[in-house]
Structures are given as C-alpha cells and as structure tokens.
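Worksheet: one structure, shown below.
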C-alpha cells in the first residue's frame with residue numbers, strides 16, 4: 003500500500019476511535035450495536051482495514067452521529083478509496099505476492115463478490131497453510147514476504163462474515179483434488195470449505211469432473227460488484243474496469259454457475275474427495 007493511502011486509513015481510524023471514546027463505548031460494545039465483528043472495529047480504528055460504505059454507516063449509526071459528522075467520515079473514506087485507485091498501477095507492477103493487494107482493494111469495498119477458479123482455491127477460502135504454499139511457489143519468493151502475504155490474506159477473509167455482503171464461489175473439481183504439502187493439509191482445507199459453505203453470506207459451487215464444462219477456462223477471475231473484474235494470470239493480477247471486459251467475464255461466470263452443483267451435492271462431493279485423501283499412504287508428499 004502507498005504511504006498516502008496508509009496515512010488516510012490511519013486518519014479515518016483515529017477519528018472513529020475518538021468518536022467511540024467520546025461516546026463512552028468499548029470496541030466490543032460498538033461492534034455489537036453496529037452488527038459487525040469486534041475485530042472489524044479494531045482493524046478499522048488501527049488503520050489496518052478499509053471499511054465498506056455499509057460497515058461505515060453501521061458504525062456511525064451505532065455511535066448516533068449527526069449528519070455533519072457522518073458526511074465527514076464518508077468523505078474520509080472516499081479519500082482512502084481514491085488513494086487506493088491511484089496506487090493500483092504501482093501494485094500491479096510489483097511481485098506476485100504484492101499483487102495480492104489488487105484483490106484486497108477491490109474485495110474490501112464490494113458487497114457482491116463472485117469468484118471462479120480452475121487451478122487454485124479462491125484466496126478468500128484458503129487456509130493459512132494452503133496460502134503459504136501458494137505464495138511460496140512464486141519464483142524468487144522471500145520467506146518474510148510470504149509470511150506477511152499469508153497474514154494479509156487470512157485477515158482479508160473476515161469480510162466473509164460481515165452482514166450485507168454476498169460471496170459466491172465456483173471451482174472445478176480439479177481444484178479440490180490438486181493438493182499442496184500433504185493430504186493432511188488438504189483435508190484441513192476441505193474441512194474449512196465445509197464450514198464456510200454453511201455461512202448464510204456464502205454460496206459455494208463445484209463443477210464436477212463427470213460433466214462437460216460450458217467454457218474452457220484459461221485462468222481464474224473475481225468479479226467485484228458490477229464494475230471490476232480481477233483477472234489472475236501466472237505472473238500477477240490486474241483489475242479491469244472496462245464495461246465490455248467486465249460483461250464478458252460476467253457471462254462466463256454465469257455459465258459456470260449454471261453448470262455447478264451447490265448445497266448438499268457440493269457437500270457430498272467434498273466429503274467423497276476427503277475420503278479419497280484419507281486412504282492415501284501415510285507420508286505421501288508431492
């Protein structure tokens with residue numbers, strides 16, 4: 003993140019914290035009244051998370067702020083988002099690890115996220131150990147940078163639990179059967195998918211191997227609201243806002259969604275794959 007964006011995030015967070023203290027509330031109480039997670043309040047106040055417009059409105063409503071103060075904070079949020087957009091070219095020119103911030107900028111502000119993956123699991127669903135293998139496979143990856151990237155990816159996943167958001171994921175069965183590290187690592191990852199799939203804010207679908215795919219996918223992508231598609235390539239991730247480009251990816255996603263299985267069928271498929279992993283010889287590694 004650029005220094006300008008970080009400064010604006012800290013300023014927004016400091017202002018919210020001061021208003022909370024003036025109101026005589028703890029972070030936990032504010033979170034409860036606003037209907038958000040307590041970690042969300044902490045991250046926003048410490049300048050480590052950009053709140054969505056919905057989350058900001060929940061916080062200001064819970065604080066009982068007047069129209070003038072609400073307008074001030076909305077303007078501060080707009081400045082953070084403006085700095086984020088201005089810094090996207092810098093992010094895209096960096097390494098694959100730093101390029102993960104591209105998705106971060108787009109996802110945090112989106113109320114509807116739709117992601118299709120044909121190679122690896124969506125970033126929002128990855129366990130810490132799975133994500134570590136993903137980042138470590140980047141050519142020239144530095145161990146310290148990998149650790150930071152994993153922590154940032156896990157932190158980002160808190161948006162899955164926020165009210166007012168909807169996340170829709172579709173993956174191929176091949177993704178679920180492509181495992182890094184060890185069978186035990188993938189078993190833990192699939193167990194996490196079963197847990198996340200049960201959330202009311204999440205829909206998780208799988209394209210089974212025994213039916214044809216509607217489109218031959220070349221890479222994964224993530225649609226954020228109705229305006230941005232994050233296209234994932236071997237080297238990096240890039241954000242596209244061109245309406246025609248977005249429309250073409252949206253149509254492809256709709257085809258994948260129609261072909262996928264959800265709910266009980268998806269859970270049964272996950273459990274079958276977990277059964278296959280459990281019978282692999284002990285100590286099997288790639």
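In the numbering used here, the protein residues as written are 3 to 288. Even for Gly, the Cβ is constructed at its ideal location relative to N, Cα and C.
- Sequence-distant partners of residue 64 (beyond 5 residues in either direction) whose C-beta falls short of 7 Å from its own C-beta, in its chain, are 32, 35, 36.
- DSSP places residue 174 inside the beta strand (DSSP E), whose first and last residues are 168-174.
- In the three-state DSSP reduction, residue 137 falls in the helix class (H, G or I).
- Closest by C-alpha distance to residue 6, out of 160, 78, 134, is 78.
- Sequence-distant partners of residue 134 (beyond 5 residues in either direction) whose C-beta falls short of 6 Å from its own C-beta, in its chain, are 152.
- Within the stretch 139-210, complete beta strand (DSSP E) segments of at least 3 residues are found at 168-174, 204-209, given in chain order.
- Around the Cβ of residue 224, a 10 Å sphere holds 16 or more other Cβ atoms; the residue is buried.
- For residue 255, the three-state secondary structure derived from DSSP is helix.
- Between residue 213 and residue 261, the C-beta gap is smaller than 8 Å, which places the two residues in contact.
- Under the three-state reduction of DSSP, residue 128 is assigned to coil, being neither helix nor strand.
- The stretch 189-196 and the stretch 227-236 do not touch, with fewer than three beta-carbon pairs separated by less than 8 Å.
- It is roughly 30 Å from the alpha-carbon of residue 247 to the alpha-carbon of residue 265.
- For residue 183, the closest alpha carbon among the candidates 149, 139, 263, 8 is that of 139.
- Per the Cβ contact rule, the stretch 114-129 is in contact with the stretch 168-183 (3 or more Cβ pairs under 8 Å).
- Contact between residue 159 and residue 126 holds, since their C-beta atoms are separated by about 6 Å, short of 8 Å.
- One Cα belongs to residue 277, the other to residue 180, and the distance between them is close to 15 Å.
- By the CB criterion at 8 Å, residue 282 and residue 185 fall inside the cutoff.
- When only Cα atoms are considered, residue 10 and residue 268 end up about 42 Å apart.
- A Cβ-Cβ contact shorter than 8 Å links residue 110 with residue 52.
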